[in-house]
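Read top to bottom, the protein sequences are chains C and W. At position 159 of the first sequence (counting the first as 1) the number is 159 in the numbering used here, and the numbers step up by one without a gap. At position 184 of the second sequence (counting the first as 1) the number is 1184 in the numbering used here, and the numbers step up by one without a gap. Notes follow the structure.
Protein chains: 2
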Amino acid sequence: MNTARPEEASGQEPRPERRVRLKDVAAHLGLSPTTVSLVMNRSPAARGIPPETQERVRAAAEELGYRPNFIARSLRRQRTFAVGVLLPEISEGYAAGVLGGIEDQLLQEGYFYLVAGHHSKQDLLDDYLQLLTERSVEGLILVNTPMDQPLSLPAVVVAGHRELPGVTNVVIDHEVAARLALTHLAELGHRRIAFFKGHPHSADTESRWQAIVAASAELGLEIDPRLTLQLSGGPVGEQFSPEEGYREGHVFGQELLAVGAPFSALFAFNDVSAIGAMRAIVESGLRIPDDVSVVGFDDILSAAFQNPSLTTVRQPLHEMGRRAAAELLHKLGAPGGDSPATVTIEPTLVLRDSTGPPPDRA
Amino acid sequence: MNTARPEEASGQEPRPERRVRLKDVAAHLGLSPTTVSLVMNRSPAARGIPPETQERVRAAAEELGYRPNFIARSLRRQRTFAVGVLLPEISEGYAAGVLGGIEDQLLQEGYFYLVAGHHSKQDLLDDYLQLLTERSVEGLILVNTPMDQPLSLPAVVVAGHRELPGVTNVVIDHEVAARLALTHLAELGHRRIAFFKGHPHSADTESRWQAIVAASAELGLEIDPRLTLQLSGGPVGEQFSPEEGYREGHVFGQELLAVGAPFSALFAFNDVSAIGAMRAIVESGLRIPDDVSVVGFDDILSAAFQNPSLTTVRQPLHEMGRRAAAELLHKLGAPGGDSPATVTIEPTLVLRDSTGPPPDRA
DNA sequence: CTAGCATGCTAAAACGATTTAGTCCGTCCC
DNA sequence: GGGACGGACTAAATCGTTTTAGCATGCTAG
């Protein structure tokens, strides 16, 4: 439905039906595309082009509403300014939190990202890895995603399950986490503390446990094996669902109480199991924190809304995502450069109402 | 570690450093790129190419590990198979839930998506809209994102704030939602019900309230103005933060109790305000659900973990995202075709422990 | 014997940029 | 007067595909 153009782009633009191309700007000015490109990119080769011409070019681009076509530019320059993100499931809290940080950092630096959720299925993971590569992403960020084959692209892993050559790992500092939680409990006067360990599959389980053992020793606390329970995770698929974790926390809470060995505090593996345990504890007639103190891990949203609200070790997910993205961009900027094998992020302790002095002290 | 190829392209490939191009496959076979392209795309024009040649081509592509370059293809075909998603903040529960559904649907259909979180800032929103357009996304999905200007691309809006020409809106069925919640309460015997209304800015506020008024009339329930409080949302920025909603729920819960007008149930605007109100109610010495029943809205994760767990109207976020993506793909497939102006999604009532018969009936 | 028509391909022009290697023209210098 | 030089550009190749328009060749039919 374009009206005829009277003469050389005169008159009122009838409708910018088609996107304006570099060539159009050039034609409009009676210059070559080369010149326009040089000016628009502030290329060093534009040295030879006098300022007034440069001004003319920019004015025309502005006037015609010229926007470079990113696809064409990507093809020619072999740069897409896009990275791929692989994660189990985007709507799950942990991944979403990390992704928020990734996004902040990437967009700030002019990059976009493509996300694919593999739902912990190996074949989907392989497919998406392939598809992302075909789309020419420049690098990868894996969140909570197991990977055994070495990758053909620069990559950063958040909460990864193993070390891969050349891949940077972003992890929480478990030593600090354990020390924060246990020091807090010890200072309140707790001596007999129960623990939930993580699923054997989880990347964090082993390192966190070692940190707990070390911190306990430091603080002169004894660990009673009868008071340490390992989350199993149930069937694959449900393994990381919050409901599952909650249910297990609930069952384990009851189990702990049944053991008969006295304890005045529980340090859970994560918030959902802590919340499940809290329920079991309350149901048994004990009060939190008067009879039992509970410390969680993660600081999910629900933690603050519990009754009583949950004292917990916060993982700065946003920050972790940010760092992961920053590391990846660093790799992209300085290929073959120096990238740390591990970036350690400091957790913080969020004090709320689920912890207090043990009853024998009160 | 390929064995050396004896002739034709002699020498052992030292390293498959470079990605294999269409041209390489063609050269390897002694055919033209055209032929290879035709075969690989199963183009109708490949009619003329005998099956055995086709087989040869496919075998060679497989052997050399040929993967078409998506960028080049996009440039030539003017199709990117990518859509843009704009939302306030990706790590927030509502958006993340919807995004999960969007992703499922899009990846299934071979599309990818670029996300940008505008943090409710107009200038960021404009910028990202621009950037997405430059990247040649084929369509847009706006989640919870106000938009006044008409868009230059096919678009679908989830929880939109106003009607835009040619844009499909995906919304929850407020009539059904109100009926579900109020019927449940009425059947339990509640007659005096308190309400929280949403922020005046929120898209859902007005339609939901109208639905509540209508359903109340249907059920013969009277609405007491003293028992309806409007969430204000506080300063911009904090406006949609869960903490803010929770705090307001808490304050409003206290306010309701102070009013003196009797009520036996509360239908909150969302789960976080419901949870805040529950806390206020419990703190005042009343018991849930024995003295007061509470119904939330959304079914966020925390709802199930409350003590008591929260009865609530569930918005099927995943489903909403799925439908939004499906509608957008439909528009892309059939441009100018028939797209509904509105897609209505049915909520469900999740019965938990925060509702029960009113005390005077017990 | 030759026009006509399959059959099996291919040449070359896009797509919209970037970039390398010049070209053309006027001055300046000796 | 002629060569060198600098200033202001531009032609053409390229990125890796897709797609349109043909080109040989051989067979068949009239």
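Yeah, the Cβ is synthetic: ideal placement off N, Cα and C, and Gly gets one too.
Within-9 Å CB hit, residue i to chain C
{"i": "Met1320(W)", "result": "no"}
{"i": "Gln1122(W)", "result": "no"}
{"i": "Gly1237(W)", "result": "Low confidence applies to Gly1237(W): its pLDDT is 49, below 50, so where it sits in the model is not reliable, and the reading given next is rough at best. By this cut-off, Gly1237(W) is not an interface position."}
{"i": "Gly1253(W)", "result": "no"}
{"i": "Glu1092(W)", "result": "yes"}
{"i": "Gly1100(W)", "result": "yes"}
{"i": "Met1278(W)", "result": "yes"}
{"i": "Arg972(W)", "result": "Because residue 972(W) is not part of the residues shown, which for chain W are 1001 to 1362, the question remains open."}
{"i": "Glu1242(W)", "result": "In the sequence under discussion, the amino acid at residue 1242(W) is Pro, which differs from the Glu named in the question. By this cut-off, Pro1242(W) is an interface position."}
{"i": "Glu1134(W)", "result": "yes"}
{"i": "Asn1307(W)", "result": "yes"}
{"i": "Ile1300(W)", "result": "yes"}
{"i": "Arg1361(W)", "result": "Note that Arg1361(W) scores a pLDDT of 45, beneath 50, so its modelled location is shaky; the value from the coordinates is reported in the next line. For Arg1361(W), the answer is no, since every Cβ of chain C falls outside 9 Å of its Cβ."}
{"i": "Thr1035(W)", "result": "no"}
{"i": "Gly1356(W)", "result": "no"}
{"i": "Ile1193(W)", "result": "no"}
Minimum Cβ-Cβ distance from residue i to chain W less than 9 Å
{"i": "Glu52(C)", "result": "no"}
{"i": "Asn144(C)", "result": "no"}
{"i": "Val282(C)", "result": "yes"}
{"i": "Ile345(C)", "result": "no"}
{"i": "Arg18(C)", "result": "no"}
{"i": "Ala384(C)", "result": "Residue coverage of chain C in this structure runs from 1 to 362, which leaves residue 384(C) outside it and unanswerable."}
{"i": "Phe373(C)", "result": "What the structure shows of chain C is the stretch from 1 to 362, and residue 373(C) is not part of that stretch, so it cannot be assessed."}
{"i": "Val272(C)", "result": "yes"}
{"i": "Glu89(C)", "result": "yes"}
{"i": "Glu62(C)", "result": "no"}
{"i": "Gly160(C)", "result": "no"}
{"i": "Leu317(C)", "result": "yes"}
{"i": "Asp353(C)", "result": "no"}
{"i": "Thr312(C)", "result": "no"}
{"i": "Gln105(C)", "result": "no"}
{"i": "Phe70(C)", "result": "yes"}
{"i": "Thr80(C)", "result": "yes"}
Contact belief for residue i with residue j at Cβ below 8 Å, rounded distance in angstroms
{"i": "Leu349(C)", "j": "Val313(C)", "result": "6 Å"}
{"i": "Asp148(C)", "j": "Arg192(C)", "result": "The Cβ separation is near 41 Å, so there is no contact."}
{"i": "Val176(C)", "j": "Glu346(C)", "result": "6 Å"}
{"i": "Ala1159(W)", "j": "Ala1211(W)", "result": "Going by Cβ atoms, the distance from Ala1159(W) to Ala1211(W) rounds to 15 Å, so no, they are not a contact pair."}
{"i": "Gly93(C)", "j": "Glu1089(W)", "result": "No, Gly93(C) and Glu1089(W) are not in contact; Cβ-Cβ is about 13 Å, not under 8 Å."}
{"i": "Gly321(C)", "j": "Ile102(C)", "result": "4 Å"}
{"i": "His1161(W)", "j": "Pro1150(W)", "result": "Their Cβ separation, rounded to whole angstroms, is 14 Å, which puts His1161(W) and Pro1150(W) out of contact at 8 Å."}
{"i": "Gly1097(W)", "j": "Leu1317(W)", "result": "3 Å"}
Cut-off 7 Å between Cβ atoms - residues of its own chain near residue i, not counting five sequence neighbours on either side
{"i": "Thr344(C)", "result": "Val171, Asp173"}
{"i": "Phe1269(W)", "result": "Phe1196, Lys1197, Gly1198, Leu1231, Phe1297"}
{"i": "Ala1181(W)", "result": "Phe1267, Val1295, Val1313, Leu1349"}
{"i": "Ile49(C)", "result": "Thr35, Leu38, Val39"}
Cβ shell of residue i (< 8 Å), same chain only, five flanking positions each side left out
{"i": "Gln54(C)", "result": "Val39, Ala46"}
{"i": "Lys1023(W)", "result": "Pro1033"}
Residues near residue i in its chain [Cβ-Cβ closer than 6 Å; skip 5 each side]
{"i": "Tyr1113(W)", "result": "Val1083, Val1085, Leu1106"}
{"i": "Val156(C)", "result": "Ile141, Thr168, Ala324, Glu327, Leu328"}
{"i": "Gly139(C)", "result": "Val83, Leu153, Pro154, Leu328, Leu332"}
{"i": "Gln1315(W)", "result": "Ile1172, Asp1298, Pro1347"}
{"i": "Asp91(C)", "result": "It should be noted that the sequence gives Ser, not Asp, for residue 91(C). Cβ neighbours of Ser91(C) beyond the five flanking positions: none."}
{"i": "Ala215(C)", "result": "Ala178, Arg179, Leu182"}
{"i": "Leu124(C)", "result": "His118"}
{"i": "His1418(W)", "result": "What the structure shows of chain W is the stretch from 1001 to 1362, and residue 1418(W) is not part of that stretch, so it cannot be assessed."}
CB contact flag (residue i, residue j, <9 Å)
{"i": "Gly220(C)", "j": "Arg247(C)", "result": "no"}
{"i": "Leu87(C)", "j": "Val115(C)", "result": "yes"}
{"i": "Leu266(C)", "j": "Ala258(C)", "result": "no"}
{"i": "Thr1183(W)", "j": "Val1137(W)", "result": "no"}
{"i": "Asn69(C)", "j": "Arg135(C)", "result": "no"}
{"i": "Ser1302(W)", "j": "Asp1353(W)", "result": "no"}
{"i": "Gln1306(W)", "j": "Met1278(W)", "result": "yes"}
{"i": "Ile71(C)", "j": "Ser1152(W)", "result": "no"}
{"i": "Ala203(C)", "j": "Asn144(C)", "result": "yes"}
{"i": "Ala194(C)", "j": "Leu227(C)", "result": "yes"}
{"i": "Glu289(C)", "j": "Thr355(C)", "result": "Looking at the sequence itself, residue 289(C) is Pro, so the reference to Glu does not match. Yes, Cβ-Cβ distance for Pro289(C) and Thr355(C) is below 9 Å."}
Please give the ranges of any alpha helix (DSSP H) in the region 1047 to 1103 of chain W, keeping only runs that are unbroken, at least 4 residues long and fully inside the region. Runs found: 1051 to 1064, 1070 to 1077.
Just to confirm the assignment: which complete beta strand (DSSP E) runs, minimum length 3, are found wholly within the region 1246 to 1309 of chain W? 1265 to 1267, 1293 to 1298, all fully within the region 1246 to 1309 of chain W.
Continuous alpha helix (DSSP H) assignments of at least 4 residues falling wholly in the region 1202 to 1227 of chain W: Within the region 1202 to 1227 of chain W, the complete alpha helix (DSSP H) runs of at least 4 residues are 1203 to 1219.
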